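**Student:**
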Amino acid sequence: MLETWHRLDTRRRIILAGAAILTVVAVLSLAQVATRPSMVLLYSGLDPAEAGEVVGALEQMNVQPEVRGNAIYVAEDQRDRARLALARDGLPRQGQAGYELLDKLSGFSATTDMFNAAYWRAKEGELARTILATSGVRAVRVHIATPSRRPFARDAAGASASVTVTMAGGVLTQTQATAIRYLVALAVAELSPGRVAVIDSRAGMVLAPGTDTPAASAAGEAAEREARLKAEIEQLISARVGRDKVRVSITVETDREAETITEKLIQPDSRVTISTDIEEISDTSSGSAGSVTIASNLPDGDAGAADTRSSERTESRERANYDYSEIQRQTVRQAGAVRRISVAVLVDGITSTGADGEPVWEPRSEAELKTLRRLVVAAIGFDEARGDIVTVESMEFQPDATPGALVESSPLLRLFERNAMTLIQIGVLSLVVLVLALMVVRPILTRPVPALAAVGAIAGPAPAAGEPAGADALAAPGQPALAAPEGGENRSVPDGDTLRLAVTERPEQTASMLREWLAPTELVSGEREVA
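What follows is the structure, encoded as structure tokens:
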């Protein structure tokens with residue numbers, strides 16, 4: 037390496053040194069990228085305040101986070117430990133603050149208005165936390181409006197509330213909205229479910245205030261029942277005819293109104309004695325009466341003959357109470373009862389290859405269609421008295437105008453998507469190292485170095501008479517001349533020691549010989565003729 041270095045000129049030494057430095061820098065950068073830890077997602081979609089708390093806690097735990105927009109990334113080997121440590125400290129905070137707001141209030145400095153405001157904030161935060169625990173919900177905001185107390189107001193307005201829900205995927209269903217409405221209404225005193233509005237941030241209003249809750253829930257239940265039955269029937273029929281060869285349409289008619297029916301049935305032939313009351317009355321009376329004279333007023337006077345009378349009365353009364361047996365029946369029908377189900381199933385026929393090689397379509401047999409209809413009837417709970425309708429037909433499906441193929445990403449593509457920047461950096465550094473090695477270092481090290489720097493610039497005179505010319509003049513005494521490699525001319529190729537000795541002792545002849553070697557044959561012959 038030292039011998040090669042000394043043979044190079046100054047310009048080539050500078051190029052080689054620069055290439056060596058760039059190669060070392062590229063290798064160190066490549067090693068740094070290769071040893072850099074793989075960053076994985078810790079949390080995303082956090083509010084700025086919550087993200088700041090999480091980043092501060094990670095820095096205190098000596099975990100270096102990387103913030104990309106609203107997402108926080110950490111090293112892959114530290115993710116699980118960081119999540120457990122943050123969960124221990126209650127980070128990130130799920131939703132709004134709850135009843136812990138009341139712990140910060142002091143009884144000496146807090147007024148009634150301050151306590152009421154903190155109480156309702158805590159109530160909203162607790163409700164948001166409860167709703168956020170529902171599967172598929174990403175963010176929730178709850179607002180409760182409470183009227184001020186006015187004792188002499190005649191028409192006092194009650195409390196009202198609104199709930200805004202952001203789903204992680206899809207939209208909020210009617211059933212979920214109804215559950216949220218009742219959750220908020222039962223958690224707040226004097227709040228009716230009809231005064232709670234539920235809003236999906238993507239789909240808009242789901243349940244408006246004043247909406248009849250039973251009717252709204254009935255409509256939502258009907259739509260969900262249709263979707264469930266459609267999925268079940270398509271899965272059932274596609275197992276026989278194929279996934280893309282069946283179409284199902286279901287309509288479920290439900291009662292939108294609730295009613296209460298009371299029946300009272302009296303049976304006149306079934307008389308029953310309830311009670312019997314018997315009363316008896318007996319009365320007896322007697323008395324005497326005579327004539328009254330003057331003598332009857334005397335002490336010994338005779339009052340006259342007495343007339344004696346007596347009477348007796350007996351009365352008996354019986355009262356019986358009867359009643360008829362009766363049957364009272366009360367039936368309550370809530371909204372949402374199924375009134376009728378209509379099902380239409382369209383299946384594709386059978387495609388086979390004809391004698392000419394062209395595809396031939398044939399409808400399915402009646403026996404197969406009847407079998408498929410029986411399956412549908414059993415799946416929906418068919419009731420003929422209710423008026424259910426099931427139709428199964430076989431018709432040819434038309435191909436889509438713009439058919440497409442399902443494209444799935446390969447494992448290499450998924451790897452590139454996850455670590456795109458890292459792979460790009462590695463590729464660029466590898467390309468730099470390869471270019472430096474092939475375009476700079478390799479040509480310098482493999483390029484032949486001439487023995488004399490002044491070859492080709494020396495134009496010595498022709499050899500004198502009687503002196504050997506060309507390679508024969510450089511041959512050492514006692515050594516035979518070597519055969520020329522090409523051209524038919526006798527050109528001797530001496531070894532290294534002979535060449536160095538000849539350069540030292542016979543510089544003119546050496547220069548002439550080298551010029552003859554390097555110049556074309558025609559040019560050498562012309563020079564000889566001129567000489």
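Residues in the sequence shown are numbered from 37 upward in steps of one, following this note's numbering. Here a beta-carbon is modelled for each residue, glycine too, at the ideal position from N, C-alpha and C. Only a predicted model underlies this, so the values are computations on that prediction, with no experimental measurement involved.
Between the stretch 417-431 and the stretch 369-385, do at least 3 Cβ pairs fall closer than 8 Å?
**Tutor:** yes
**Student:** What residue range is occupied by the uninterrupted beta strand (DSSP E) comprising L382?
**Tutor:** 374-383
**Student:** Below 7 Å CB to CB, which residues in the same chain sit around V368 once its five sequence neighbours on both sides are set aside?
**Tutor:** T296
**Student:** Does Q364 come out as helix, strand or coil in the three-state DSSP assignment?
**Tutor:** strand
**Student:** Cα-Cα, which of L94, L141, R292 is closest to I579?
**Tutor:** Summary: the structure shown does not reach residue 579, with the chain confined to residues 37 through 567, and so no result is reported for it.
**Student:** Under a Cβ-count criterion, where at least 16 other Cβ atoms within 10 Å of its own Cβ denotes burial, should Q96 be classed as buried or exposed?
**Tutor:** exposed
**Student:** Could you tell me which residues DSSP puts in a beta bridge with R283?
**Tutor:** Bridge partners of R283: L382.
**Student:** Could you please give the first and the last residue of the uninterrupted beta strand (DSSP E) stretch that includes L78?
**Tutor:** 75-80
**Student:** CB E348 to CB I317, shorter than 8 Å?
**Tutor:** no
**Student:** In angstroms, rounded to a whole number, what distance separates the CA positions of L467 and V60?
**Tutor:** 14 Å
**Student:** Tell whether a beta-carbon distance below 8 Å holds between E160 and V178.
**Tutor:** Taking 8 Å as the cut-off, the beta carbon of E160 is found closer than this to the beta carbon of V178.
**Student:** Within its chain, find whatever has a CB closer than 6 Å to the CB of R261; leave out the 5 residues flanking it on each side and keep chain order.
**Tutor:** Taking R261 as the centre and dropping the five residues before and after it, the same chain places the C-beta of V288 closer than 6 Å to its C-beta, in chain order.
**Student:** Alpha carbon to alpha carbon, how far is E420 from R400?
**Tutor:** Going by C-alpha positions, E420 is about 26 Å away from R400.
**Student:** Taking its Cβ as the centre, do 16 or more other Cβ atoms sit within 10 Å of T214, making it buried, or is it exposed?
**Tutor:** Classification of T214: buried, given that the 10 Å Cβ count is 16 or more.
**Student:** Only counting the same chain, and skipping five residues up and downstream in sequence, which positions put a Cβ closer than 6 Å to that of V284?
**Tutor:** K266, I269, E270, V381
**Student:** On the CB-based measure, 16 or more other CB atoms within 10 Å of its CB, does D359 come out buried or exposed?
**Tutor:** exposed
**Student:** Across the stretch 228-247 and the stretch 203-214, are there enough close Cβ pairs to call them in contact, namely three or more that are closer than 8 Å?
**Tutor:** Contact holds: three or more Cβ-Cβ distances are below 8 Å.
**Student:** Which of the three DSSP states, helix, strand or coil, is assigned to P504?
**Tutor:** At P504 the pLDDT is 47, less than 50, meaning the model places this residue with poor confidence and gives no usable figure here.
**Student:** I'd like to know if the stretch 394-411 and the stretch 302-322 are in contact, where contact means that at least 3 CB-CB pairs between them fall below 8 Å.
**Tutor:** Touching, no, given that fewer than three Cβ pairs across the two stretches are closer than 8 Å.
**Student:** Name the DSSP bridge partner or partners of T546?
**Tutor:** In DSSP, T546 forms no bridge with anything.
**Student:** Assuming the contact rule is C-beta atoms closer than 8 Å, G372 and T298 should be a hit. Round their C-beta distance to whole Å, please.
**Tutor:** Their Cβ separation, rounded to whole angstroms, is 21 Å, which puts G372 and T298 out of contact at 8 Å.
**Student:** Could you check how far apart the C-beta atoms of G393 and E432 are, in whole angstroms? I think they sit under 8 Å.
**Tutor:** Rounded, the Cβ-Cβ distance is 19 Å, inconsistent with contact.
**Student:** Quick one: Cα of R238 to Cα of R409, how far?
**Tutor:** 39 Å
**Student:** Can you check which of these residues, R48, A55, M37, D45, is closest to L474 by C-alpha distance?
**Tutor:** A55
**Student:** Pick helix, strand or coil for N357, following the three-state DSSP scheme.
**Tutor:** strand
**Student:** Could you tell me which uninterrupted beta strand (DSSP E) segments, each at least 3 residues in length, are contained entirely in the stretch 155-238, listed from first to last along the chain?
**Tutor:** 173-181, 196-203, 232-236
**Student:** Rounded to the nearest angstrom, what separates V17 and L465 at their Cα positions?
**Tutor:** Shown here, the chain extends from 37 to 567; a query on residue 17 therefore has no answer.
**Student:** Counting only the same chain and skipping the five closest in sequence on each side, list residues whose C-beta sits under 6 Å from that of W397.
**Tutor:** Closer than 6 Å at Cβ, skipping near neighbours: G385, T387, E432.
**Student:** Is it right to say I235 is buried, meaning 16 or more other beta carbons lie within 10 angstroms of its own, or is it exposed?
**Tutor:** buried
**Student:** Just curious, the alpha helix (DSSP H) that T407 is in, first and last residue?
**Tutor:** 402-416
**Student:** So A85 is in the alpha helix (DSSP H); what residue range does that whole segment cover?
**Tutor:** 84-96
**Student:** Sort out for me which residues DSSP pairs I297 with in a bridge.
**Tutor:** T367
**Student:** Grouping DSSP H, G and I as helix and E and B as strand, with all else coil, what is D392?
**Tutor:** Of the three classes helix, strand and coil, the one that applies to D392 here is coil, per DSSP.
**Student:** Restricting to Cα atoms, I'd like to know which of R217, E39, R353, V383 is closest to D280.
**Tutor:** The candidate whose alpha carbon is nearest that of D280 is V383.
**Student:** Between which two residues does the alpha helix (DSSP H) holding E39 run?
**Tutor:** Residue range 38-43 is occupied by the alpha helix (DSSP H) that includes E39.
**Student:** Which value, in whole angstroms, describes the spacing of the CA atoms of V361 and R355?
**Tutor:** In the sequence under discussion, the amino acid at residue 361 is Ser, which differs from the Val named in the question. Using only the alpha carbons, I get a separation of about 20 Å.
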